[in-house]
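So in full-length UniProt numbering, spot 525 of the sequence shown is number 525, and the numbers just go up one at a time. Glycine is no exception: its CB is placed at the ideal position from the N, C-alpha and C atoms. Only one structure is covered here, and it is reproduced in the block below.
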Amino acid sequence: MLYPSSSLQWTYPLVVLKSRFFRICLLWLICCCPLYSSAQQKLNASNLKEIVHHMTLDEKVHVVVGMGMYLPPSVMEQLRHAMHDSGVFRNFHLPPMDTNALKIPEKVPGAAGRTYANTRFDIPSLTLSDGPAGVRINPIRNNDSSHTYYATAFPIATLLASSWDTGCVYAVGRAMGDEVKNYGIDVLLGPGMNIQRNPLCGRNFEYYSEDPLITGEMAAAMVSGIQSNGVGTSIKHFACNNQETNRNSIDVVVSERALREIYLRGFEIAVKQAQPWTVMSSYNKINGTYTSERHDLLTTVLRDEWGFKGLVMTDWFGGHDAVAQMQAGNDLLMPGTPLQMQAIEQAVREGKLDTNVLNRNVENVLRLVLHSPTFHHVPYSSHPDLQAHARVARWAATQGMVLLKNEADALPVSPKRHRVALFGTSAYHLIPGGTGSGTVHALYTISLAQGLRDAGFQTDASLQTKYQQYIQTHNPAPRNPMHALFGAPPIPEMPVSTDEITRAAAENDIAILSIGRESGEGADRHLRDDYELSDTEQALISDVCRAFHAMHKPVVVVLNIGGVIETASWRDKPDAILLAWQPGEEGGHAITDVLTGKENPSGRLAVTFPLHYNDEPSASNFPGTPPDNPQQVVYQEGIYVGYRYFNSFHVPVAYPFGYGLSYTTFRYDHLQLASHPEQGRWELTVTVTNTGKRPGREVVQLYVHAPAARLDKPEVELKKFAKTRLLAPGQSQTLHFVLTPADLASFDPARSAWIADAGTYSVYLGKNATAYVASTTFQLPKEVVTEQVHRVLQPEQPIQELHPPASSQQ
């Protein structure tokens with residue numbers, strides 16, 4: 001249809017106006033929207049949920065799966081075969097990595113893992129590093145030895161727990177965290193805090209104790225110390241990672257009560273007291289399901305009941321089903337593989353994984369990013385104060401060494417009067433710590449021989465030459481790739497002829513004999529020649545004691561070990577025994593400080609030393625069944641772990657939990673109890689006085705015997721502890737303790753509740769779990785339900801657990 005000319009006059013201006021308006025709007029969109037979009041797309045605390053909303057599925061998956069773990073291809077291939085041949089990893093297969101991601105240069109070479117960056121939303125890559133005894137990174141980069149990146153090797157966790165001093169542990173954590181920050185690392189993968197269920201566990205050196213209270217308090221102090229530097233921690237391995245054998249597949253069958261009271265309790269204390277940034281789930285299964293796939297563990301217990309606010313990550317290559325891990329609340333899969341990404345993407349597309357669940361996990365990872373020093377562009381020097389931290393390591397090591405024996409005041413010794421015959425390979429080649437993720441590449445390690453010489457002792461030159469030559473011959477560089485990751489086999493003890501020992505006895509004033517033990521990730525220990533002394537070691541102790549005692553000269557044994565060993569067969573022979581543990585890089589100096597009395601030994605055992613391995617309640621089922629390739633391990637001992645078992649079943653031990661001697665003596669006076677049952681609290685005070693001739697510190701241990709109603713109860717349980725300050729001779733300190741119904745409660749699985757039973761409670765102040773110096777009682781007039789919880793983590797079949805004799809329940 002043709003329009004009249006008058007219509008054209010009106011239509012043209014209208015078209016022009018619309019066209020101009022459109023162009024203006026388009027120009028505004030082009031110019032302004034990128035600025036708005038850019039501002040919106042930069043991650044910050046206020047727009048986290050909005051960022052997640054705008055992410056693509058691929059971007060979300062790259063948030064919850066790590067970048068992989070870099071190893072040279074040749075090593076990776078060897079490692080695959082070595083793992084397959086290993087008894088520990090026989091059921092594990094190393095998956096392929098994201099080769100493109102591994103080409104991206106590492107910010108911190110040698111760190112354990114990284115998360116992916118996202119440039120669209122300005123999300124940086126985070127760096128995560130081992131480990132429990134100090135930062136584990138490559139000390140040399142690009143073959144350039146002119147710039148080094150060493151870290152401090154601090155004492156192992158078992159030694160730190162033996163200090164019974166949370167202030168000491170906090171100081172170590174603070175120094176460790178400073179190195180984390182100064183090396184540009186965001187999260188340190190530690191502390192390890194599994195219960196020392198059995199002395200043959202290869203990673204016991206990483207763990208604090210057989211007792212959950214000690215474990216939780218020490219871990220909380222370590223976490224607080226590290227995180228005071230503005231960096232994160234990852235408490236691990238949640239939970240029941242109590243062995244290395246088949247750790248990636250073993251099914252731990254355990255009751256809910258044992259879980260709640262023993263294996264989860266330490267984690268609960270650490271979470272509630274210190275709020276670690278992250279928690280690492282363990283490799284193993286609990287009651288049929290991998291821990292990293294258990295919603296009841298990672299969400300119901302950890303988040304809903306305990307109030308955990310941080311992120312949960314897997315252990316490296318942990319678990320089986322990436323989708324189940326996402327659903328359980330395992331936010332970050334480490335180190336991360338393409339197969340996991342594919343599985344998550346496919347599950348979302350097929351509707352098998354709720355987008356809201358994935359979004360929740362993404363948000364938890366991004367909250368970690370928002371906390372991180374990398375996100376806040378915190379400067380780092382790569383030059384921490386290693387000298388200052390070495391002083392901390394040396395002091396801390398002295399605080400956790402335990403004097404097990406000291407007859408006729410054989411210790412302390414003075415360098416002015418002593419020429420020393422030093423025996424044992426570990427006296428010249430000190431073992432500072434365990435292997436695997438607990439390894440630290442330190443600048444140096446001070447041997448006991450060097451420590452003694454630095455203190456002015458004269459050490460036997462002939463023995464030193466023989467040992468040094470022997471060590472050089474028997475300590476080759478590791479060639480197996482498993483050794484590079486998990487440590488080489490230990491150096492066997494050197495035989496010493498009786499003629500050489502007789503000569504040394506004639507020419508020296510004292511014999512110091514070091515017994516050393518390696519331990520570490522990747523393998524459990526052996527009974528023969530490990531837990532038990534080898535024939536060579538037994539002969540060495542016997543021959544040295546015989547020769548030196550014939551000349552009325554003392555013999556001191558130093559135990560440079562990472563875990564419990566058998567002592568009953570030889571402990572009567574030497575005059576003194578010092579448990580030095582694996583004391584870190586300054587070990588030789590620290591041991592010498594204690595031997596000479598520069599530091600008075602104040603460590604107390606955080607684990608029991610049994611008379612015989614078979615006395616352990618878990619000896620019959622560790623590491624599981626079938627013996628040749630364990631698939632399942634049943635915790636038949638239930639809550640009766642460590643001293644809870646030995647005391648309740650009246651089994652004698654070599655050295656009880658809490659045991660340790662001093663160069664001075666202490667008296668306990670004025671035990672007072674103030675009961676406030678209406679307020680739910682009982683206050684105890686006691687005065688400790690140094691009655692000896694040397695300054696020293698005392699550990700006061702508070703044990704409680706609870707009335708048994710519906711449940712079996714251990715004969716006693718540690719409920720509180722404290723360590724005095726350094727007391728001069730004649731000086732006193734009054735210590736205060738507060739007990740609440742929550743401290744007294746046991747877990748009743750039938751009621752899904754923590755309950756403090758009505759009745760009479762006996763309180764014992766002890767020097768260890770079997771020696772009490774003061775006691776009192778109080779009444780709880782009626783039962784108190786301190787917490788109602790969910791019914792979780794149930795075993796598929798009933799467990800026939802141990803029950804103590806009736807006499808223990810009186």
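Distance from residue 331 to residue 361 at the Cβ level is roughly 4 Å; contact confirmed, criterion being Cβ atoms closer than 8 Å.
In chain order, 514, 516 and 560 place their CB closer than 6 Å to the CB of residue 426, counting only its own chain and leaving out the 5 sequence neighbours on each side. A contact between stretches requires three or more CB pairs, one per stretch, nearer than 8 Å, and the segment 444-461 meets this requirement with the segment 410-420. Pairing residue 791 with residue 269, the inter-Cα distance amounts to about 20 Å.
Within the segment 620-666, complete alpha helix (DSSP H) segments of at least 4 residues are found at 643-648, given in chain order.
Under a 10 Å Cβ-count criterion, residue 147 is classified as exposed, with fewer than 16 other Cβ atoms of the shown protein chains found around its own Cβ. Contact between the segment 642-653 and the segment 380-397 is absent: fewer than 3 CB-CB pairs across the two stretches fall below 8 Å. Per DSSP, residue 337 lies in no beta strand (DSSP E) segment and is marked neither H nor E. Contact holds between the segment 691-705 and the segment 715-725, because three or more Cβ pairs, one in each stretch, are under 8 Å apart. With respect to the C-alpha of residue 660, the residue from 770, 764 and 673 having the closest C-alpha is 770.
Taking residue 258 as the centre and dropping the five residues before and after it, the same chain places the C-beta of 635, 638 and 639 closer than 7 Å to its C-beta, in chain order. Close CB contacts of residue 458 within its chain, under the 6 Å cut and outside five residues either way in sequence, are with 419 (chain order).
Within the DSSP secondary-structure output, residue 754 pairs in a beta bridge with 747 and 787.
For the pair residue 208 and residue 214, the Cα-to-Cα distance works out to about 7 Å.
Residue nearest to residue 523 within the set 109, 196 and 244 is 244 (criterion: CA-CA distance). Within the same chain, 575 come within 7 Å of residue 408 by CB-CB distance, once the 5 residues on both sides are set aside.
For residue 717, no alpha helix (DSSP H) run applies; the uninterrupted beta strand (DSSP E) run containing it begins and ends at 717-723, by DSSP. Rounded to whole angstroms, residue 609 and residue 591 show a C-alpha spacing of 21 Å.
Distances from the alpha-carbon of residue 153 to those of 65, 438, 256 and 374 put 438 closest.
Straight across, the Cα-Cα distance linking residue 108 with residue 223 is about 22 Å. Pairing residue 158 with residue 570 gives a Cβ-Cβ distance that is not under 8 Å. Straight-line spacing of the CA atoms in residue 694 and residue 729 works out to 6 Å.
Judged by DSSP secondary structure, residue 462 falls within the alpha helix (DSSP H) whose first and last residues are 461-474. Residue 141 is bridged by DSSP to 144. Residue range 311-313 is occupied by the beta strand (DSSP E) that includes residue 311.
Three or more beta-carbon pairs separated by less than 8 Å are not found between the segment 314-330 and the segment 270-278, which leaves the two stretches without contact. Annotation: residue 589 to residue 583 spans about 10 Å, alpha carbon to alpha carbon.
Excluding five sequence positions before and after residue 390, the CB atoms of its chain that fall closer than 7 Å to its own CB belong to 152, 585 and 586, given in chain order. Around the beta carbon of residue 566, a 10 Å sphere encloses 16 or more other beta carbons of the protein chains shown; the residue is thus reported as buried. Here the C-alpha atom of residue 260 lies approximately 50 Å from the C-alpha atom of residue 496. If you draw a straight line from the Cα of residue 242 to the Cα of residue 198, it comes to about 8 Å. Cα atoms of residue 703 and residue 306: separation of roughly 25 Å, rounded to the nearest angstrom. With a contact defined as Cβ atoms closer than 8 Å, residue 162 and residue 605 qualify at about 6 Å.
In the three-state reduction of the DSSP assignment, residue 779 falls in the strand class, which pools E and B. In the DSSP annotation of this structure, the continuous segment of the beta strand (DSSP E) that includes residue 237 starts and ends at 232-238. The beta carbon of residue 445 sits closer than 6 Å to those of 430, 432 and 585, all from its chain and outside the five residues before and after it, given in chain order.
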